[in-house]
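In our numbering, the protein residues as written are 1 to 196.
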């Protein structure tokens, strides 16, 4: 069996479903909300590139290096994508990344709840020793969101890869380790106004 296996995670504000070709049209509508692909320091797929991106992620899932999710809002509408990636089954590590959300759900409880569900699954079901987050040094909104989760900056990988426009990207690497998880979980549950 692959590690991790596809799973559906349900919350009050969001549901994470294993990504499938059937999510394509909803993904196109979600990415149009805010024209997210125009941000040069991100790699959000354009409406025209969405089918190829869904196929790419599903291909990486078949190879065992990624577990992509469609993010649905409380009304069941597609609101974005998120992914377990850089999967390391030998050392029980995953990265939560390649995440994007429609503008209509940004700065709402949806992202906090998605991260809480993903990390709960990673630490408490999969037995991960660490969960990693990565983003461009220029993506200040993403960096602030990652830091609000309680993740610590491990370092910056300089000239790590290229942005979609070809410019060199410095990548900020953050992590939450297993020993920090109980406090982080309490903090995220508190932000969502729910009991642990």
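The C-beta atom is built at its ideal place from N, Cα and C for all residues, glycine as well.
Through-space distance from residue j to residue i, alpha-carbon basis
i           : j           : result
residue 198 : residue 48  : Only positions 1 to 196 of the chain appear in this structure, which leaves residue 198 out of reach.
residue 140 : residue 42  : 11 Å
residue 190 : residue 109 : 11 Å
residue 163 : residue 40  : 7 Å
residue 97  : residue 26  : 20 Å
residue 94  : residue 17  : 18 Å
residue 21  : residue 55  : 8 Å
residue 46  : residue 31  : 7 Å
residue 170 : residue 135 : 8 Å
residue 13  : residue 193 : 12 Å
Residue i: first and last residue of the uninterrupted beta strand (DSSP E) it sits in
i           : result
residue 160 : 152-162
residue 131 : 130-136
residue 223 : With the chain covering only 1 through 196, there is no way to say anything about residue 223.
residue 198 : Any answer about residue 198 is impossible in this case: the structure gives the chain only from 1 up to 196.
Supposed close pair residue i, residue j - CB separation, criterion 8 Å
i           : j           : result
residue 81  : residue 70  : 6 Å
residue 175 : residue 151 : 6 Å
residue 137 : residue 172 : 6 Å
residue 15  : residue 60  : Not quite, the Cβ-Cβ distance comes to about 22 Å (not below 8 Å), so this is no contact.
CA nearest to the CA of residue i, picked from the options
i           : options           : result
residue 11  : 131, 160, 117, 45 : 117
residue 77  : 96, 127, 23       : 23
residue 4   : 99, 89, 136, 27   : 89
residue 120 : 183, 2, 170, 61   : 183
residue 91  : 132, 79, 112, 83  : 132
residue 9   : 193, 83, 177      : 83
residue 188 : 6, 149, 142, 19   : 149
residue 74  : 167, 111, 185, 6  : 111
residue 100 : 142, 7, 193       : 142
residue 128 : 167, 178, 79      : 178
Range covered by the alpha helix (DSSP H) that runs through residue i
i          : result
residue 70 : That residue, residue 70, is in no alpha helix (DSSP H); its beta strand (DSSP E) goes 66-73.
residue 42 : Where residue 42 is concerned, there is no enclosing alpha helix (DSSP H), given that its DSSP letter is neither H nor E.
residue 84 : Premise fails: residue 84 lies in the beta strand (DSSP E), 78-88, not in any alpha helix (DSSP H).
Cutoff 8 Å: residue i Cβ touching any chain D Cβ
i           : result
residue 124 : Among the chains of the structure shown, chain D does not appear; only one protein chain is present.
Note to self: With a threshold of 8 Å, are at least 3 pairs of Cβ atoms found where one atom belongs to the segment 104-124 and the other to the segment 59-67?
What the structure shows: Taking 8 Å as the limit for Cβ pairs, the verdict is that the segment 59-67 does not touch the segment 104-124.
Note to self: Across the segment 119-129 and the segment 154-173, are there enough close Cβ pairs to call them in contact, namely three or more that are closer than 8 Å?
What the structure shows: Fewer than three beta-carbon pairs drawn from the segment 119-129 and the segment 154-173 are found closer than 8 Å, and the two stretches are therefore not classed as touching.
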